[in-house]
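Residue numbers for the sequence shown follow my numbering, beginning at 602 and rising by one. Data first, discussion second: the structure below is written as structure tokens.
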Amino acid sequence: MLVDPISLATLGGAIALIGGLLGSSIGLGIAGSAGAATLGEEPGQLRNVIVLVSLPMTQTFYGLIVLILILTRVVPNLAAMPDAGGSNGFAVLACGLIAGFAELFSAIYQGNVCASGISLLPKTKGKILTNAMMLAVFVELLGVLGLVFTIMALNMLGLF
Numbered sequence: 602m603l604v605d606p607i608s609l610a611t612l613g614g615a616i617a618l619i620g621g622l623l624g625s626s627i628g629l630g631i632a633g634s635a636g637a638a639t640l641g642e643e644p645g646q647l648r649n650v651i652v653l654v655s656l657p658m659t660q661t662f663y664g665l666i667v668l669i670l671i672l673t674r675v676v677p678n679l680a681a682m683p684d685a686g687g688s689n690g691f692a693v694l695a696c697g698l699i700a701g702f703a704e705l706f707s708a709i710y711q712g713n714v715c716a717s718g719i720s721l722l723p724k725t726k727g728k729i730l731t732n733a734m735m736l737a738v739f740v741e742l743l744g745v746l747g748l749v750f751t752i753m754a755l756n757m758l759g760l761f
């Protein structure tokens, strides 16, 4: 039985988006819970809480970018290639898994970092905001690298 490479590639793109959506949801939930507790203690920190809570959302966009690239650039190239057994489709599926896991875990752990920063906002009178954002950016970098590595892998496969 031959496997349709276009279906596998589309599944890879969907997995990338699912990883971003799931990770962002969990990360936002973690940071949002800390934000609700902080706002109960000091409502004046709303602006800072919103900034930190929103950071894990970006991984969803990275997953969406991978899906769009696969659907608009990779799938048309796959359709034009002879493929025995769907091996190119499996390769794109693997690239989607790379992106999906990178976005999933980076968003979750970024939510943890942001939650820690949020919990210290009242104690530091908001002065921890910049430091917390810088620490969250380190975790964000892994999501960005997941996107970049996925694009590089698709390019090395000759599909991008």
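The beta-carbon is built from N, C-alpha and C at its ideal position, and this holds for glycine as well. Only a predicted model underlies this, so the values are computations on that prediction, with no experimental measurement involved.
Asked, Found
"For a test of the three-state rule: what should DSSP assign to T611, helix, strand or coil?", "helix"
"Assess, as a yes-or-no matter, whether the stretch 614-634 is touched by the stretch 707-727 under the definition of 3 or more beta carbon pairs within less than 8 Å.", "yes"
"When the Cα of L751 is compared with those of L705, A695, I651, which residue comes out closest?", "Checking the displayed sequence, the identity of residue 751 turns out to be Thr instead of Leu. Of L705, A695, I651, the residue nearest in Cα terms is A695."
"When the Cα of I729 is compared with those of V650, I669, E741, V676, which residue comes out closest?", "V650"
"For the alpha helix (DSSP H) containing A681, list its first residue and its last residue.", "No alpha helix (DSSP H) holds A681; DSSP gives it neither H nor E."
"What does the alpha-carbon distance come out to for the pair F662 and G621?", "7 Å"
"Between A703, Q646, G614, which has its C-alpha nearest I719's C-alpha?", "Q646"
"Between G628 and G636, what straight-line distance do the alpha-carbon atoms span, to the nearest angstrom?", "12 Å"
"State the Cα-Cα distance for the pair I699 and A617, rounded to the nearest angstrom.", "8 Å"
"In or out: A733 buried (at least 16 other Cβ within 10 Å) or exposed?", "buried"
"With DSSP collapsed to three states, give me the class of K724.", "helix"
"State the Cα-Cα distance for the pair G613 and P644, rounded to the nearest angstrom.", "43 Å"
"Hey, how far is the Cα of M602 from the Cα of L668?", "Because M602 carries a pLDDT of 46, less than 50, the predicted location of this residue cannot be relied on, and the following value inherits that uncertainty. The alpha-carbon atoms of M602 and L668 are separated by roughly 26 Å."
"Taking the straight line between their C-alpha atoms, what separation do you get for V745 and P683?", "32 Å"
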